[in-house]
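Only one structure is covered here, and it is reproduced in the block below.
4 protein chains.
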Amino acid sequence: MYNFRTDLAVERTNLYRKANKLEEIDGIETEDQEINENIKVSRVKITNENGEQAIGKKKGVYVTIDLKDLKVADEDEIQKASDTLSNELKTLIQNHVQSKDDIMVVGLGNIYVTPDSLGPKVINEIDVTRHIIKYLPQYIDENARPVTAISPGVLGTTGIETYEILKGIVDNVKPKLLIVIDALASRSIERISSTIQISDTGIVPGAGVGNTRAEISEKTLGIPVIALGIPTVVESAVLVNDCLDLLIEKMQNEAKSNVYLNQLKEQDNYEKIKDVLNPQNYNMIVTPKEIDDLIENMKDVVARGINMSL
Amino acid sequence: MYNFRTDLAVERTNLYRKANKLEEIDGIETEDQEINENIKVSRVKITNENGEQAIGKKKGVYVTIDLKDLKVADEDEIQKASDTLSNELKTLIQNHVQSKDDIMVVGLGNIYVTPDSLGPKVINEIDVTRHIIKYLPQYIDENARPVTAISPGVLGTTGIETYEILKGIVDNVKPKLLIVIDALASRSIERISSTIQISDTGIVPGAGVGNTRAEISEKTLGIPVIALGIPTVVESAVLVNDCLDLLIEKMQNEAKSNVYLNQLKEQDNYEKIKDVLNPQNYNMIVTPKEIDDLIENMKDVVARGINMSL
Amino acid sequence: MYNFRTDLAVERTNLYRKANKLEEIDGIETEDQEINENIKVSRVKITNENGEQAIGKKKGVYVTIDLKDLKVADEDEIQKASDTLSNELKTLIQNHVQSKDDIMVVGLGNIYVTPDSLGPKVINEIDVTRHIIKYLPQYIDENARPVTAISPGVLGTTGIETYEILKGIVDNVKPKLLIVIDALASRSIERISSTIQISDTGIVPGAGVGNTRAEISEKTLGIPVIALGIPTVVESAVLVNDCLDLLIEKMQNEAKSNVYLNQLKEQDNYEKIKDVLNPQNYNMIVTPKEIDDLIENMKDVVARGINMSL
Amino acid sequence: MYNFRTDLAVERTNLYRKANKLEEIDGIETEDQEINENIKVSRVKITNENGEQAIGKKKGVYVTIDLKDLKVADEDEIQKASDTLSNELKTLIQNHVQSKDDIMVVGLGNIYVTPDSLGPKVINEIDVTRHIIKYLPQYIDENARPVTAISPGVLGTTGIETYEILKGIVDNVKPKLLIVIDALASRSIERISSTIQISDTGIVPGAGVGNTRAEISEKTLGIPVIALGIPTVVESAVLVNDCLDLLIEKMQNEAKSNVYLNQLKEQDNYEKIKDVLNPQNYNMIVTPKEIDDLIENMKDVVARGINMSL
């Protein structure tokens, strides 16, 4: 497969089209929409195996919402972003379940580690209804959908794979669809807390940080899984890689590069840099200085977006 | 059943003995131990149905650890309290499982509500080992016991009964014993954050605050459940009740009481006061002013006590 | 002075009028306004010594904003409450300073104690401008007012009277007006987190909880002080007092009362109950169960209200 | 001045000695001590202008405490580290003030930004005594030293220079010595949360992150200032710089380097990399993944170390 340097379906599609000088790719449908000057939505639908192989993504729908300047967003912009998320979620949910089917919202991550706390924080804001419908039906609209919400914790503090915890709960509570929220490590500095990636193909928790875990998806749990991934950190190697490219470019401009460096710039040096960093045990994460504020704003966007869609 | 005004097995036993002028109660064994001037341990073992009926508690072991002045406790006192808890837990654990059997620690409560956050905070400090034993056995002693830890959240934010969540996880992860930590509403102001109640008969989450929930016990989950209950709040009605008794006593001393008040003092007016308070929707909780510090210190005591016992 | 059982100027005025069967009180002007079904504003202006003596409050303006159901308030209601607060503040500020005069916002209280954390939390949300006007004037509107914001901490953790800290900073930074936010202990359960009291006569920090401290006012600091007081706790004695009244009422209805109790109900037993409670060292506070959520919503209302008024 | 690539007096002294092949430097006295296998102390005393110029540091005492593996430190190691800090502080304090002179502890930084929250968190744990000595002298040893503690906040949230706030408070409260705690941006990844730098020459808040602020020192405040600096983040440019060196080394080993790169490795490219990064507005910080735990442990070490020294 082509080395895409990105996990986003929309970016991979564009790169593939450019590299192969194609207008259209068989098995991939795309659509872009500009909501306003700060919010853009891209939708990619992979419909067959050719599409799957072209960009290395499973059949399904991939939506990317880009939010500019979220860290200084005021109330109106947060509301607009929530509305956008809500609309995309509604469409995806309707593709898979009926209007009164049970939905469980799952917030992955560690409440005690700031950039990883987005999922559990969103869970605290979800309007759960299942217990009201069950015990106090007189207090709720009769068309209300049963909604539940849990934060299963992380392997390092539970000792249990997230998949194992969810499997047990899903088998017992029997929701018809999962919405899973996860804070991701991004391959791009620009996307930190400014992108929401939605897909209906599930998620592999911790996939972004090199700890491969059991997949959370329809295949493993037996019910559709809509995943919301939000980049909140980048790995050290990504930062170094991006800077190295900038440095070589500067050297090229000043005619100080060499063949090796020129080659270096054409490649993805991410793995090479990881090899250099790992033996030093430089187990660092890179975040924006305003990460605490960003997480708060993103929590509002995601929680409201989900609540309105349910 | 005698109206005991207390949930503690040790206090009920003493009241029953006094009321019936008994030295011994058939079916109840008791033992008191003074660890030092700040720490006392009482053990009550109910061995037959007569004991059960006498004090209205199920067959099993009930240990009460009293800690004086925990809010100003220094490092040494916290360590001593942890050691005491650890010893009691070790004994109870050995009664039920083998030294390498899986144990799951469960922290009930809501991390976002200070007096209810003890359970989840303890979970964050538990030394979990199951995932290391499973994926990286070379990094851990071969006699290590698999330990897991989870915070299932509360009905109000999950929409799911705690029992339902635990049932699913227990069926899937298959621990041999649960240790459940719960912050209780106390019937006594003096016991707030100064008492740890341990028993091997399970727990009914939220039992203390009038929201009866499905029991978490060997009967419902199929494995032994050791419960650690720590009072962190009192209900409004308890405070009013205690004060009313003090007020009537003062009125009696000043010869201003009447027959009705004298009767009032002999009864437990808790239910009557709740009836008066409820229509006003006075949904208040009463905590010590130092509740944040108390929870921090108690978290250290409980987390260390559990870690040392496993 | 009449024993008012309340600290609010508006309630004292009404009680005084009723007790003395007056339509008007010389030296007191009042005005009520209903913003919508959930928000009410009362304004009391004390203009002379007769007014001061009648209700035991210093000359000045006292505004009370009542907010219903803040704990379940949605975004629109929070915004409406902020707008109301902002309008009242603007009027008061214009009474005392010019549109470009420096204003310092002061958040009293302890960030580590939930019901006392409102002030410091608001400070974190204030849009400060003084440093931008001073160092980066090109990035800010030339009519912007210099705004600063500080949390001086509490005597128990600083060892310094709040007044001493503020005196030093005010002398050095030289604002023209202070806005001081304080979480109060209320004499009424109903007012918890549903009332904002605004006055331009300053504040005595900790006045509500029995720890009298040096006054923060124009008299002591030399600049006008607008105080925002928000009740977040009640003392134990208030709860017991309110319940006792309800109990006696019930006893009267059931013809079980006596002369002493009937008298008791006519008096304010607050001090008597405090006398009974104090020797027991029942140093408890009473809060609504939803105190954490209430503080978050009130923080948004107060921070936005202040930001819009500056 | 020699480009030292480090701010630490001890490292500069060693580099200067090596570069100039000196055994001793006139005006600099050094001493190293190994407390145990995890704790090392280096003391550098600059006694004259020659020493000042050699390593670019003002006359005074500079102590560096190195703590290995603090993130997994148990209770004993935290206590040992506190003892070490306490001993060094005691010596420095005795050099400047008498045993009953007032001391004010100042925690710089922003409580709402995890890696910057160390200072305010330590302040919450300081045993303040001034108010007890003043109001309740019967409850405290008559030889107790008056201790106060404040968190002045940061320019971005207060709008006021830290120096201005402290100047006002110091002039009003009149302590005889300040102990200032600051979380630093480090020039070295290894030193993150594993080093405490102590000196009696004051501090420039935010000096490490490119926001030069007014100095906090005896020169500006009129009383001696002991500064405790603890690295908790590194800047992006430091990470890239360190990796670039490692990458070039690898290229040299594989004979793929060139003259330019070889030169690059001899230089400090920190400023060059910052030039490349800045136009991209990559305002990122780099922290260890375990930063929340590290801050908690370091808070315990520093708070206990200070409390024992006072």
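Chains as they are written, first to last, in my numbering: chain C, 714 to 1023; chain S, 714 to 1023; chain G, 714 to 1023; chain E, 714 to 1023. In this text, a Cβ means the ideal position worked out from N, Cα and C, and glycines have one as well.
Check                                                                                                                                                                                                                                 : Outcome
Please state whether the Cβ-Cβ distance between E/Leu780 and E/Ser901 is less than 7 angstroms.                                                                                                                                       : no
Curious, which full-length beta strand (DSSP E) runs of at least 3 residues does the region 757-786 of chain C contain?                                                                                                               : 773-780
Could you check the C-alpha separation between G/Ser899 and G/Arg756 for me, to the nearest Å?                                                                                                                                        : 19 angstroms
On the premise that C/Val819 lies in contact with C/Ile892, defined as a C-beta separation below 8 angstroms, what is that separation, rounded to the nearest angstrom?                                                               : 7 angstroms
How would you call S/Val999, buried or exposed, if buried means at least 16 neighbouring beta carbons within 10 angstroms?                                                                                                            : buried
Please tell me whether E/Thr945 has its Cβ less than 7 angstroms away from any Cβ of chain C.                                                                                                                                         : no
Please state whether the Cβ-Cβ distance between S/Ile791 and S/Val1014 is less than 7 angstroms.                                                                                                                                      : yes
Enumerate in chain order the residues of its own chain whose CB-to-CB distance from G/Lys731 is below 8 angstroms, with the five nearest sequence positions on each side excluded.                                                    : none
Would you please state the rounded distance, in angstroms, between the beta carbons of E/Leu802 and E/Gly1018? I believe it to be under 8 angstroms.                                                                                  : 6 angstroms
Quick one: what's G/Gln910 bridged to in DSSP?                                                                                                                                                                                        : G/Thr777 and G/Gly942
Grouping DSSP H, G and I as helix and E and B as strand, with all else coil, what is E/Asn749?                                                                                                                                        : strand
Within the same chain, show all residues whose beta-carbon is closer than 6 angstroms to that of E/Val947, passing over the 5 residues directly before and after it, in chain order.                                                  : Ser899, Ile902 and Val999
Less than 6 angstroms between C-beta atoms, sequence neighbours within five positions excluded: which residues of the same chain meet that for E/Lys753?                                                                              : Glu747 and Asp779
Answer yes if the region 907-918 of chain G comes into contact with the region 848-863 of chain G, meaning at least three C-beta pairs across the two stretches below 8 angstroms, and no otherwise.                                  : no
Are the region 806-813 of chain C and the region 833-850 of chain C in contact at 8 angstroms, needing three or more beta carbon pairs?                                                                                               : no
Using 8 angstroms as the cut-off, can you tell me whether the region 815-832 of chain S makes contact with the region 860-880 of chain S, which would need three or more C-beta pairs spanning the two stretches below that distance? : yes
Kindly indicate which residue of C/Tyr973, C/Gln965 and C/Arg725 has the alpha-carbon position closest to the one of E/Thr960.                                                                                                        : A small correction: the amino acid at residue 960 of chain E is Leu; Thr does not occupy that position in the sequence shown. Answer by Cα proximity: C/Tyr973.
Give a yes or no on whether 7 angstroms exceeds the smallest Cβ distance from S/Ala862 to chain C.                                                                                                                                    : yes
Where does E/Val922 sit, in a helix, a strand or coil, going by DSSP?                                                                                                                                                                 : A caution first: E/Val922 carries a pLDDT of 39, below 50, which makes its placement in the model unreliable, though a value can still be read off. Correct three-state label for E/Val922: helix.
DSSP three-state label for E/Ile894, please.                                                                                                                                                                                          : strand
Between the alpha carbons of E/Val867 and G/Ser864, how many angstroms are there, rounded?                                                                                                                                            : 11 angstroms
With a floor of 3 residues, list each beta strand (DSSP E) that falls wholly inside the region 997-1023 of chain G, ordered by position along the chain.                                                                              : 997-1001
Could you tell me which of E/Gly935, E/Glu724 and E/Asp782 sits nearest to E/Asn885, measuring between CA atoms?                                                                                                                      : E/Gly935
Along chain S, which residues have their Cβ under 8 angstroms away from the Cβ of G/Ser949?                                                                                                                                           : Leu952, Cys956 and Val999
When you compare each of S/Asn823, S/Ile873, S/Gln976 and S/Ile943 to S/Leu957 by their alpha carbons, which one comes out closest?                                                                                                   : S/Gln976
Counting only beta-carbon separations shorter than 7 angstroms, does C/Arg1017 have a partner in chain S?                                                                                                                             : no
Which residue comes first and which comes last in the beta strand (DSSP E) that contains G/Thr861?                                                                                                                                    : Val860 to Ile863
So, does the CB of C/Gly769 fall closer than 7 angstroms to a CB anywhere in chain S?                                                                                                                                                 : no
Buried or exposed for S/Lys734, please, with buried defined as at least 16 other CB atoms from any protein chain shown within 10 angstroms of its CB.                                                                                 : exposed
Where S/Gly832 and E/Ala1016 are concerned, what is the direct C-alpha to C-alpha distance, given to the nearest angstrom?                                                                                                            : 26 angstroms
Given this structure, state the Cα-to-Cα distance separating C/Ile836 from S/Ile824, to the nearest angstrom.                                                                                                                         : 12 angstroms
Using the C-alpha atoms, what's the distance from E/Asp782 back to E/Val922?                                                                                                                                                          : With a pLDDT of 39 at E/Val922, under the threshold of 50, the predicted position of this residue should be treated as unreliable, though the coordinate-derived value follows. If you take the alpha carbons of E/Val922 and E/Asp782, they lie about 25 angstroms apart.
Roughly how many angstroms lie between the CA atoms of G/Glu750 and G/Val776, to the nearest whole one?                                                                                                                               : 18 angstroms
Using a Cβ-Cβ cut-off of 7 angstroms, state whether E/Asp1005 counts as contacting chain C.                                                                                                                                           : yes
Quick check on C/Val826: does DSSP put it in helix, strand or coil?                                                                                                                                                                   : coil
What are the start and end residues of the alpha helix (DSSP H) that includes C/Val841?                                                                                                                                               : C/Val841 -> no alpha helix (DSSP H), and no H or E assigned at all.
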